[in-house]
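Before any comments, here is the structure.
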Amino acid sequence: MHRHDQNFDQKYKEHLHRKIAELKKERDAIILAHNYQREEIQEVADIKGDSYALAVAATKAKNKVIAFCGVLFMAEGAAMLNPDKTVLLPVKEAGCPLAEMITVDKLRKKKEEYPEAAVVCYVNSSAAVKAESDICCTSSNAVEIVKAMKEDKIIFVPDKNLGRYVREHVPDKELILWDGYCVTHMRLTMEEVLKAKELYPGAEFLAHPECRKEVLELANYVGSTAGILKYVKGSSAKEFIIGTENGLIYQLTQDNPGKKFYMPTNEFVCANMKLTTLGWLARSLEQMMYVITVPENIAVKARKTLSRMIDVMEAKK
Ligand code: 13P
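Note that our numbering has the sequence shown beginning at 339, numbered continuously upward.
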C-alpha cells in the first residue's frame, strides 16, 4: 500500500476527522473557515463565511479556542476582537499579498497629504495599518461604510479595484485610492471572461469587487463571496461563471444541486488560502499552534476600526 492508494487516502481522512473531533472537544475549540478554503477544510468547519461573517462569528463564539482556517489578517482580526480567546492559524505562512502592499509609514505620508480625509481600510490589511485607519470595511459592506462616513474625502486602502467600485457607487465622495490589488483576482482578464461567456451563453457572470474594472463591467452581479452565494440561491438562472477564487465552487454546488458553475480560468486559486490542509489543522489543535497575537499598543487602536465597522453594520439591521 502506498500514499496514492485511494483506500488509504480515505482511511487517513477518516482518521484526521476523528482526531480533529477529539481535539475540538479537548481544547474547547471552534473551527472557522473562509469560503476559499480547501473542500476538506470546509467539510469540517463549524462556521464558514466571507470575511465579515467570520469576523462577527468570532465575536459570538463561546469556545476558548478559535482555529481560523483562512489567512493571517483574518486570524489577527479575530484575536483583536476576542482578547480572552486563543486564536490559532494552522499554517503561519498563510498571508495576504494585498495586505503587504501598504505600510504604516506610507499611509502616514498619505494622511499628511490629505489631513482632512478619513481613512477607510479594507479588512485585507495588517493590524498596524488598521490601527492607523479610522474604520475598516469588507467587500460586503465597503459601499455602505464609505456612505456612512461624515467626511467627504476618503483615503481608501489598500485595494484599488474595490476602491474604484466603491467610488462608482458613492459619487458624492472623493476617494483617494491606493495602488494595491489582490494578485489572485487581478489574474482574471476580460478576454477570459468573454471566452467563457461565448462558451456558456446562458450563464450569468458573477464577480468579486477585487477584480479588474473591465472584468467588473461584464458582471451581472458584483459582491463578496457571501453575496455571490446569496445571489445564486435567489437567481432563476441555471448556469454561472464564477469570477472569484475557486474555493467558492464547493458551497455553491452544495447549496444549488441543480445549477452549474464554471470557472473562467484554472488559475483562479489563492495559494495562501490553499495552504491549510486537514493534517495541518489537526496539528494546529494538537500542538496549539500558531497562536496569533497582536501587540496591545496596536491592537487597542486596530480593534476600534474593526468594532466601528461592526457597529455601523449592526445599526443598519
Ligand atoms: P470576502 O469577504 O468576499 O469573502 O473576500 C475575502 C477576500 O480576501 C477576497 O480576496
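Positions of the beta carbon are idealized from the N, C-alpha and C atoms, including for glycine.
Residue i lies in the alpha helix (DSSP H); which residues open and close that run?
| i | result |
| --- | --- |
| Val521 | 521 to 524 |
| Thr397 | 389 to 398 |
| Val553 | 551 to 554 |
| Ile630 | Neither: Ile630 is in no alpha helix (DSSP H) and is coded neither H nor E. |
Would you say the beta carbon of residue i comes nearer than 7 Å to a heavy atom of ligand 1?
| i | result |
| --- | --- |
| Asn462 | yes |
| Thr614 | no |
| Asn678 | It is not possible to answer for residue 678, since the shown part of the chain is limited to 339 through 655. |
| Tyr569 | no |
| Glu548 | yes |
| Thr603 | no |
| Ser389 | yes |
| Ser562 | yes |
| Cys459 | no |
| Asn499 | no |
| His681 | An answer regarding residue 681 cannot be provided, because it is not within the stretch 339 to 655 covered by the chain. |
| Asn584 | no |
Leaving out the 5 sequence neighbours to the left and right, which residues in its chain are closer than 6 Å to residue i when beta-carbon positions are compared?
| i | result |
| --- | --- |
| Pro428 | Thr614, Trp618, Leu619, Ser622 |
| His507 | Val481 |
| Val461 | Ser389, Cys474, Thr476 |
What are the boundary residues of the beta strand (DSSP E) that includes residue i?
| i | result |
| --- | --- |
| Glu577 | 577 to 581 |
| Ile492 | 491 to 495 |
| Val425 | 424 to 426 |
| Ile473 | 473 to 475 |
Checking the sheet assignment: what are the DSSP bridge partners for residue i?
| i | result |
| --- | --- |
| Val560 | Ala545 |
| Glu512 | Lys491 |
| Ala371 | Lys386, Cys407 |
| Ala456 | Ile492 |
| Phe599 | Phe578 |
Please go through the same chain and pick out, in chain order, the residues whose beta-carbon is closer than 7 Å to the beta-carbon of residue i, but skip the five residues on each side of it.
| i | result |
| --- | --- |
| Arg442 | Sequence check: residue 442 is Val here, not Arg. Cβ within range, chain order: Ala466, Val467, Glu470. |
Contact between the region 555 to 566 and the region 440 to 460 (3+ Cβ pairs under 8 Å): Using a C-beta cut-off of 8 Å, the region 555 to 566 makes no contact with the region 440 to 460, since fewer than three inter-stretch Cβ pairs fall below that distance.
Touching by the beta-carbon criterion (3+ pairs, under 8 Å), the region 621 to 640 and the region 532 to 551: No: the two stretches stay apart, fewer than three of their Cβ pairs being nearer than 8 Å.
Contact the region 516 to 523 vs the region 429 to 436: 3+ CB pairs below 8 Å: With a cut-off of 8 Å, the region 429 to 436 and the region 516 to 523 count as touching, because enough Cβ pairs lie within range.
Three CB pairs or more closer than 8 Å across the region 597 to 608 and the region 411 to 425: Between the region 597 to 608 and the region 411 to 425, the count of C-beta pairs closer than 8 Å stays below three; the two stretches do not touch.
The region 498 to 515 in contact with the region 548 to 558 per 3-pair CB rule at 8 Å: They touch, by the three-pair rule.
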